[in-house]
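Numbering (the numbering used here), first residue to last: 1 to 292.
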């Protein structure tokens, strides 16, 4: 693995605030944004990318130009640094935005399943960064597994079911109702692994849904696959940390974390043991994640 790029304070670029923007400047700014749209590309592996990042830091006029190019494409710049490169996320109206409905339809014909796919992504984020300080620490690396995320959601399902019963709420709503309360009921009913004639993991099983979510995050440069144990093991990247920081204010993520399924006290994260696990349909050897 390449070593992180270090930016030296020496040899700053000549200031260009008073210089008119040239077509070459615009091309360089667009090139930097194009690098940012290649999330798996590490700056340390591309000299041109490294130089453009350095120019972004040293030349305020160029930085403003690159930000403007990104904004014109409907992209939000989360960070520009050697560790993350030019990390961008798509605004809701951007041509680069991935809609959860579109994402789910590529995986299943059941419109109700889009809530399950959304919940899988939400659970992966909560399990990867269970504490605010994890998101604030640039050196923090979270680790998740397919089976661990499924086990986490099933314990969350149990907590939500208990809460609904205590409050006397309807425990059998329509499966296409929006929100976390509906999603957990669908998840709890779904088989964790299912069965196929050739022993493949069915895409409609909950571990199949989680595997799809983690594979998508890997393809997007947010996770790196580190092994095949426990359905697949993954570690987080700087880009994923930035994305989850952007998500951290969402009500759904806050609600999931407030369920207390993931206690964190000393820098490690695990799942609380359930009082009765007979009906949880947990995957054997769930391989609950650890953090460093």
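Virtual Cβ for every residue (Gly too), placed ideally from N, Cα, C.
First through last residue of the beta strand (DSSP E) which encompasses residue i
i           : result
residue 234 : 233-236
residue 143 : 143-145
C-beta atoms of residue i and residue j nearer than 7 Å
i           : j           : result
residue 225 : residue 236 : no
residue 70  : residue 88  : yes
residue 146 : residue 207 : yes
residue 39  : residue 220 : yes
residue 120 : residue 209 : yes
residue 90  : residue 97  : yes
residue 33  : residue 56  : no
residue 240 : residue 222 : yes
residue 303 : residue 157 : Residue 303 falls outside the range modelled here, since the chain spans only 1 to 292, and no answer is possible.
residue 36  : residue 86  : yes
One or two residues paired with residue i in a DSSP bridge
i           : result
residue 87  : 79
residue 223 : 236
Where residue i sits in the DSSP three-state scheme
i           : result
residue 92  : coil
residue 140 : coil
residue 20  : coil
residue 131 : coil
residue 190 : coil
residue 46  : coil
residue 74  : coil
residue 97  : coil
residue 155 : helix
residue 58  : helix
residue 271 : Note that residue 271 scores a pLDDT of 45, beneath 50, so its modelled location is shaky; the value from the coordinates is reported in the next line. Coil.
residue 28  : helix
residue 215 : helix
residue 150 : helix
residue 246 : helix
residue 67  : helix
residue 241 : helix
residue 113 : helix
residue 124 : helix
residue 204 : coil
residue 229 : helix
residue 264 : Note that residue 264 has pLDDT 42, beneath the 50 cutoff, so the model's placement of it is unreliable and the number below is only indicative. Residue state, collapsed to three classes: strand.
residue 184 : helix
Best match in the options for proximity to residue i [C-alpha to C-alpha]
i           : options               : result
residue 148 : 124, 55, 24 and 238   : 124
residue 213 : 118, 141 and 161      : 118
residue 22  : 185, 66 and 116       : 66
residue 186 : 48, 116, 43 and 68    : 116
residue 76  : 92, 31 and 55         : 92
residue 192 : 230, 161 and 126      : 230
residue 151 : 242, 24, 53 and 184   : 184
residue 114 : 243, 204, 246 and 244 : 204
residue 138 : 248, 242, 30 and 31   : 242
residue 61  : 29, 238 and 232       : 29
residue 246 : 228, 155 and 136      : 136
residue 293 : 53, 31, 45 and 134    : This structure does not reach residue 293, given that the chain is present from 1 up to 292, and the question cannot be answered.
residue 24  : 52, 165, 211 and 163  : 52
residue 228 : 144, 122 and 134      : 144
Continuous alpha helix (DSSP H) stretch holding residue i: start and end
i          : result
residue 37 : Unbroken run through residue 37: none, as it is neither H nor E.
Cβ of residue i within 7 Å of any chain D Cβ
i           : result
residue 153 : In the structure shown, chain D does not exist; there is a single protein chain.
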